[in-house]
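Residue numbers are given in the UniProt record's numbering: position 319 of the sequence shown equals residue 437, and the series is strictly consecutive.
Reading through the structure tokens given below for one structure.
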Amino acid sequence: DIDHVYEALLNTSFDLDSLEPDSVLEEEWIKEIVKRSGMKFKWAKLTEDKVRENKDVERQPPPDPAVLVPRPPVVTIMGHVDHGKTTLLDSLRKSQVAAMDRLTFVLPFAVQLPSGERITFLDTPGHAAFSAMRARGTLVTDIVILVVAADDGVMKQTIESIQHAKKAKVPIIVAVNKCDKHEADPSRVKQELLGHDVVCEEFGGDVQAIHVSALKGDNLLELAEATVTLAEVLELKADPTGQVEGTIIESRTDKGKGPVSTVIVKRGTLRKGCTLVAGKAWAKVRFMFDENNQAVSEAGPSTAVEIVGWKELPSAGEEILEVVSEQRAREVVDWRCYVEEQEKLKEDMKAIEAKQQEHEESYKKERESMAHLSWKQRKSAMYRANKQRMAFRPSERVESQDLTLPVIVKGDVDGSVEAILNILDSYDADEQCQLNVVHFGVGDITENDLKLAETFSGTIYGFNVAANKSVQQIAAKKGIPLKLHRVIYKLIDDLKDELSSKLPPTL
Ligand code: GDP
119 DIDHVYEALL NTSFDLDSLE PDSVLEEEWI KEIVKRSGMK FKWAKLTEDK VRENKDVERQ
179 PPPDPAVLVP RPPVVTIMGH VDHGKTTLLD SLRKSQVAAM DRLTFVLPFA VQLPSGERIT
239 FLDTPGHAAF SAMRARGTLV TDIVILVVAA DDGVMKQTIE SIQHAKKAKV PIIVAVNKCD
299 KHEADPSRVK QELLGHDVVC EEFGGDVQAI HVSALKGDNL LELAEATVTL AEVLELKADP
359 TGQVEGTIIE SRTDKGKGPV STVIVKRGTL RKGCTLVAGK AWAKVRFMFD ENNQAVSEAG
419 PSTAVEIVGW KELPSAGEEI LEVVSEQRAR EVVDWRCYVE EQEKLKEDMK AIEAKQQEHE
479 ESYKKERESM AHLSWKQRKS AMYRANKQRM AFRPSERVES QDLTLPVIVK GDVDGSVEAI
539 LNILDSYDAD EQCQLNVVHF GVGDITENDL KLAETFSGTI YGFNVAANKS VQQIAAKKGI
599 PLKLHRVIYK LIDDLKDELS SKLPPTL
């Protein structure tokens with residue numbers, strides 16, 4: 119029964135894919151379900167109830183200001199292609215600015231100023247990654263360094279970068295690059311930036327612009343210092359205690375380590391042995407590595423580390439949350455999968471409902487448009503419409519073949535045939551199973567009627583008419599259903615029974 123199917127659907131053990139497409143169309147099943155008990159409403163309600171008993175990770179309250187400690191800024195370098203982003207990152211990595219000397223690979227990386235200040239540079243995000251993270255609310259960037267080549271000026275992607283930063287409310291520092299070049303014109307760059315609401319200090323604004331040469335490594339210390347100065351203004355702080363929160367920057371499968379992800383910690387302190395969930399993936403942190411590929415046992419806010427221990431690879435941009443146990447991690451992931459499936463099913467239901475309505479409206483229109491016709495005209499118009507409908511979509515053809523009841527109607531007088539056809543007409547549109555009147559007429563059942571019935575695998579209905587012995591014998595021999603009635607409503611009941619026997623098996 120319906121509750122059973124409903125329960126099955128709810129537990130999602132009802133596998134739509136397992137239905138054979140040519141036995142009963144999936145769509146028909148769902149249509150049936152939706153139709154039968156207004157379960158759409160039940161459905162939505164139960165989903166809501168379930169969602170209310172949210173099994174996701176509990177959010178911790180905002181940190182107490184007293185426990186906050188300063189944290190390094192996380193910086194993303196953006197700008198037009200070929201303006202020197204990669205070169206700048208490489209130079210920063212290798213430069214004197216960095217206290218550590220083996221900064222050659224893992225990203226993001228930290229740059230430490232002689233004063234001991236640290237900056238975490240992200241070098242993955244292109245614009246797309248930046249927007250994706252912003253959309254998910256998991257943007258980790260505190261500051262954007264906008265690289266503009268002094269020999270080229272503000273270009274298309276420069277403008278896009280500015281827009282991205284502004285939308286995300288992330289402050290900008292301009293690195294006017296390639297200043298070693300002859301044709302470099304830094305003041306033109308700053309002038310052009312004015313047109314995009316980036317007002318540098320010399321124009322009375324608060325945007326710092328540093329003239330650098332990424333290639334030669336000129337002024338990189340100034341750029342780093344400008345970043346630290348801005349970070350101080352931003353008063354970047356975080357709570358290093360409590361449940362860990364962070365963001366996946368990048369995920370990949372490492373030859374030696376297996377599934378690893380680079381993460382930035384936002385809150386709390388990540389430790390070996392922590393259990394984390396990110397989207398529909400979870401991890402028991404087995405190892406952590408810093409940007410020098412050195413194993414570390416702890417990572418505080420604004421620190422980037424590589425994590426080993428994922429059961430499945432999480433996606434970049436996904437939020438990381440710590441949970442108390444592996445069991446809890448599994449529960450959260452299961453719950454998230456459940457919610458996602460529910461959402462999808464709900465969408466499917468909506469689409470099916472819309473389609474159903476569309477169908478019903480077209481039937482209704484059709485009937486209305488035929489109202490003024492005589493019953494004979496109406497029949498032939500219906501044939502035409504049916505044919506068109508069947509030609510419209512191949513899958514619908516299957517549907518109508520499967521769910522069509524071909525009938526031949528014979529009556530004693532025109533009036534009775536018309537009456538029967540009119541009643542059938544009104545059923546036609548409401549029933550799931552489509553009646554197809556292949557022939558109708560006045561008079562006793564003839565061999566010709568039998569031929570038609572045989573050709574269409576149809577049933578013959580006679581009202582107040584007879585069938586002679588030879589006709590009855592042929593019908594019996596060929597297994598052609600021949601039904602003779604003397605009362606109209608009995609004929610109609612009989613037909614309805616046959617119609618419902620053609621419907622999909624009772625759910
Ligand atoms: P990206 O597309 O923004 O990452 O740009 P790249 O870092 O790949 O640089 C593009 C080209 O500009 C390369 O040929 C670099 O060597 C060159 N380049 C980058 N920075 C400088 C610079 O400061 N001075 C000069 N002369 N060339 C640079």
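Cβ coordinates follow ideal geometry from the N, Cα and C atoms, glycine included.
On a predicted model such as this, the values are computed, not experimentally measured, just so you know.
Less than 9 Å separating the beta-carbons of residue i and residue j?
i, j, result
"His603", "Asn582", "yes"
"Ser279", "Met406", "no"
"Val531", "Ile578", "no"
"Ala293", "Val330", "yes"
"Gly271", "Val317", "no"
"Leu523", "Leu568", "no"
"Ser433", "Gly397", "yes"
"Lys212", "Gly313", "no"
"Pro183", "Ala349", "no"
"Asn295", "Thr205", "yes"
"Gly427", "Thr387", "no"
"Arg446", "Glu416", "no"
"Val423", "Val395", "no"
"Val556", "Leu570", "yes"
"Glu437", "Ile367", "no"
Compute the minimum distance between the beta carbon of residue i and the heavy atoms of the ligand GDP, and state whether it is under 8 Å.
i, result
"Thr204", "yes"
"Lys212", "no"
"Ser279", "no"
"Lys334", "yes"
"Asn295", "yes"
"Ala396", "no"
"His201", "yes"
"Gly197", "yes"
"Ala267", "yes"
"Asp274", "Checking the sequence shown, residue 274 turns out to be Lys, not Asp. No."
"Val426", "no"
"Asn330", "In the sequence under discussion, the amino acid at residue 330 is Val, which differs from the Asn named in the question. Yes, the beta carbon of Val330 sits closer than 8 Å to at least one heavy atom of the ligand GDP."
"Asp315", "no"
"Asp298", "yes"
Can you tell me which residues form a DSSP beta bridge with residue i?
i, result
"Val272", "According to DSSP, Val272 bridges with nothing at all."
"His314", "In DSSP, His314 forms no bridge with anything."
"Asn295", "Ala267"
"Gly580", "Lys528, Leu602"
"Val262", "Thr194, Ile290"
"Ser369", "Ser379"
"His557", "Ile526"
Mind checking residue i: buried by the 16 CB within 10 Å criterion, or exposed?
i, result
"Val265", "buried"
"Phe321", "exposed"
"Val383", "buried"
"Thr276", "buried"
"Ala401", "buried"
"Ser305", "exposed"
"Cys455", "exposed"
"Gly576", "buried"
"Gln412", "exposed"
"Asp315", "exposed"
"Gly374", "exposed"
"Val185", "exposed"
Identify whether residue i lies in helix, strand or coil by the three-state DSSP scheme.
i, result
"Thr421", "coil"
"Ser331", "strand"
"Ser575", "coil"
"Ser513", "Its pLDDT being 37, under 50, Ser513 is placed unreliably in this model, and the coordinates cannot settle the point."
"Lys390", "coil"
"Thr222", "Any reading at Thr222 needs caution, since the residue's pLDDT is 30, under 50, leaving its predicted position unreliable; the model's value is listed next. Thr222: coil per DSSP, three-state reduction."
"Lys284", "helix"
"Pro304", "helix"
"Gly397", "coil"
"Pro180", "coil"
"Glu343", "helix"
"Asn566", "helix"
"Val589", "helix"
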